[in-house]
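Novice:
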Amino acid sequence: ESANQLKSKFLSNVGHELRTPMNAILGFSELLKGVTREHIQQEYIREIQDSGKGLLTLINDILDLSQMESGAMELKLKPVNLKSFMDQFDHFYRAQATEKGLFFEIILPENPMPVFWLDETRLRQIVMNLVGNAIKFTPSGSVRVALQIAEQPDKHFRLTFEISDTGIGIHREKLDAIFGAFVQENGDANREFEGTGLGLALAQKFAGLMNGSISVESEPGFGSTFRLVLPDVSVEESSAQPVALSDEIPDLDLVPDLQTAENPPHQLPESLAETRSEKEFSELNKLLEIMQSRMMEDWKEVSDTCITMDIQRFGAEVKSYGEQYSVPLLFNWGMQVEQFAESFRIDELNKKLEKYPVILKMFAESLKKDNNQG
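If you want it as structure tokens, here you go:
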């Protein structure tokens, strides 16, 4: 009976979470029909995009939970540079924290770190959920993310991700319940903090898949500290000697011109290739085609200038005839398609490069080919 009540409450929350963004999408789409001013159009489009992202996140959470409950989800381990991994969160969340007036800090070990074997996608989902919640439930003060590494026997390591905030906190009697699949601490009180209550449940299940766990300490009015502990993580063999950390982006190879009969798809390094479903590749290709068309409309002329993306370092450079230009373009292949759309600011890039036209190399088919061959 208790489980049924929780599920009913969850379905009620899901109904609200689905209706709200869907109404926004339909409403703003209708408004666009009668709007001619560009700045108003852009505002409505942003609202539609934000609502679409919310819907996609909700759907992904439900599908992930379904996979977990059926036992169909498996880990996909690969070498992960945690310095680069944590840098992604610095870029992604610092702006959000600053917008709320929060102090945001990421604390890493001073010593060089080896490369670890981890499921980067699931680890990212866990940390994003914990950091995102910390920012969402902290009206003022600070959010800190700390990584601790302790060497274990047989060259294995214990990893601890600690996310602390000065937010609203959680009541003691709710600390265990918040990891339930249909529970949200603040769900009954008000709708100020939206959500379905799936995030922490999924995070705990993902941690369990990696033989880890998430614990929490909290006091209402004083904040919370969540700890993700992965007690037995192995390192890549070639990483037996720790790699020195550097903030510099390494020199990148130029990306070839757009694919033609004489110019076959560019082969990405194996380390950058990730397994993607047919649906994801299809969606990404559609998005890239739209963006390529927009770029060709914006710049009219085409030269040999190319964007080179370094996915693992979460950065990008533009090289043109031996000259190098830094641009505010961030892209990570692990990001969802909608996050890629948000990160790619065509107008900002065009303004930065001024008269230099840019060709964006389409990676989707190349990655797909690499995966099929692998």
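With my numbering as the guide, the letters of the sequence shown map in order to residues 4 to 377. For each residue, glycine too, the CB sits at the ideal point set by N, CA and C. Here the structure is a predicted model, which means the values were calculated and not measured.
#1: Tell me whether the beta-carbon of aspartate 122 lies closer than 7 Å to the beta-carbon of leucine 150.
#2: Could you spell out the range, first to last residue, of the beta strand (DSSP E) harbouring alanine 149?
#3: In or out: alanine 98 buried (at least 16 other Cβ within 10 Å) or exposed?
#4: Quick check on DSSP: helix, strand or coil for glutamate 283?
#5: Taking only three categories from DSSP, how would you classify arginine 40?
#6: Taking isoleucine 109 as the reference, which of Phe119, Pro117, Phe88, Arg125 has the closest Cα?
#7: Within 10 Å of its beta-carbon, does leucine 35 have 16 or more other beta-carbons around it, so buried, or fewer, so exposed?
#8: Taking the alpha carbon of phenylalanine 164 as the point to measure from, which residue in Gly104, Ile173, Pro234 has its own alpha carbon closest?
#9: Please classify asparagine 136: is it buried, with 16 or more other beta-carbons within 10 angstroms of its beta-carbon, or exposed?
#10: Report the CB separation of leucine 105 from isoleucine 65 in whole angstroms; it is logged as a contact under 8 Å.
#11: According to DSSP, is threonine 163 part of a helix, a strand, or is it coil?
#12: Anyone know if the C-beta pair for serine 54 and isoleucine 28 falls short of 7 Å?
#13: Let's see if you can read the secondary structure: which residues bound the alpha helix (DSSP H) around arginine 127?
#14: Out of Gly215, Glu176, Phe107, state which residue places its alpha-carbon closest to the alpha-carbon of proline 223.
#15: So aspartate 168 packs on serine 218, CB below 8 Å; how close in whole Å?
#16: Using only CA atoms, which one of Phe225, Val134, Lys86 lies nearest to histidine 174?
#17: Among the candidates His42, Phe92, Glu113, Leu212, whose CA atom is the shortest distance from the CA of phenylalanine 107?
#18: Give me the Cα-Cα distance between lysine 208 and methionine 131, rounded to the nearest whole angstrom.
#19: Return the residue from the list Arg127, Val118, Ser145, Met116 that minimises the CA-CA distance to glutamate 102.
#20: Taking glutamate 113 as the reference, which of Ala153, Val134, Ile129 has the closest Cα?
#21: Taking C-beta to C-beta, are leucine 178 and alanine 210 nearer than 7 Å?
#22: Specify the secondary structure class of phenylalanine 31 as computed by DSSP and reduced to three states.
#23: Alpha carbon to alpha carbon, how far is alanine 204 from glycine 183?
#24: Assuming phenylalanine 229 and leucine 133 form a contact by the criterion Cβ under 8 Å, report the distance between their Cβ atoms to the nearest whole angstrom.
#25: Out of Glu33, His42, Leu212, state which residue places its alpha-carbon closest to the alpha-carbon of isoleucine 129.
#26: Between the C-alpha atoms of glutamate 345 and serine 143, what's the straight-line distance to the nearest angstrom?
#27: What does the alpha-carbon distance come out to for the pair isoleucine 62 and glutamine 44?
#28: Going by C-alpha to C-alpha distance, which of Leu111, Thr141, Lys86 sits closest to phenylalanine 119?
#29: In chain order, what residues of the same chain have a beta carbon less than 6 Å from the beta carbon of glycine 170, not counting five sequence neighbours either side?
#30: Have a look at the DSSP bridge pairing and note the partners of glutamate 108.
#31: Whole angstroms are fine: how far does the CA of glutamate 220 sit from the CA of phenylalanine 95?
#32: Please list the terminal residues of the continuous beta strand (DSSP E) segment that includes arginine 230.
#33: Could you tell me whether the Cβ atoms of glutamine 155 and arginine 147 are closer together than 7 Å?
#34: Could you compute how far the alpha carbon of isoleucine 181 sits from the alpha carbon of glycine 37?
#35: Among Arg125, Met116, Arg49, whose alpha-carbon lies nearest the alpha-carbon of asparagine 214?
Specialist: Judging by the given coordinates:
#1: no
#2: 145 to 154
#3: exposed
#4: Model confidence at glutamate 283 stands at a pLDDT of 46, short of 50, so the residue's coordinates are unreliable; what they give is reported in the following sentence. Helix, per DSSP.
#5: coil
#6: Phe88
#7: exposed
#8: Pro234
#9: buried
#10: Actually they are not in contact, since the Cβ atoms of leucine 105 and isoleucine 65 sit about 30 Å apart, beyond 8 Å.
#11: strand
#12: yes
#13: 123 to 139
#14: Glu176
#15: So it is not a contact: roughly 15 Å between Cβ atoms.
#16: Phe225
#17: Phe92
#18: 15 Å
#19: Ser145
#20: Ala153
#21: no
#22: helix
#23: 5 Å
#24: 5 Å
#25: Leu212
#26: Because the pLDDT of glutamate 345 is 45, which lies under 50, any placement of that residue in the model is unreliable, and the question is left without a value.
#27: 27 Å
#28: Lys86
#29: Phe140, Thr141, Gly226
#30: Arg147
#31: 25 Å
#32: 226 to 236
#33: no
#34: 45 Å
#35: Arg125
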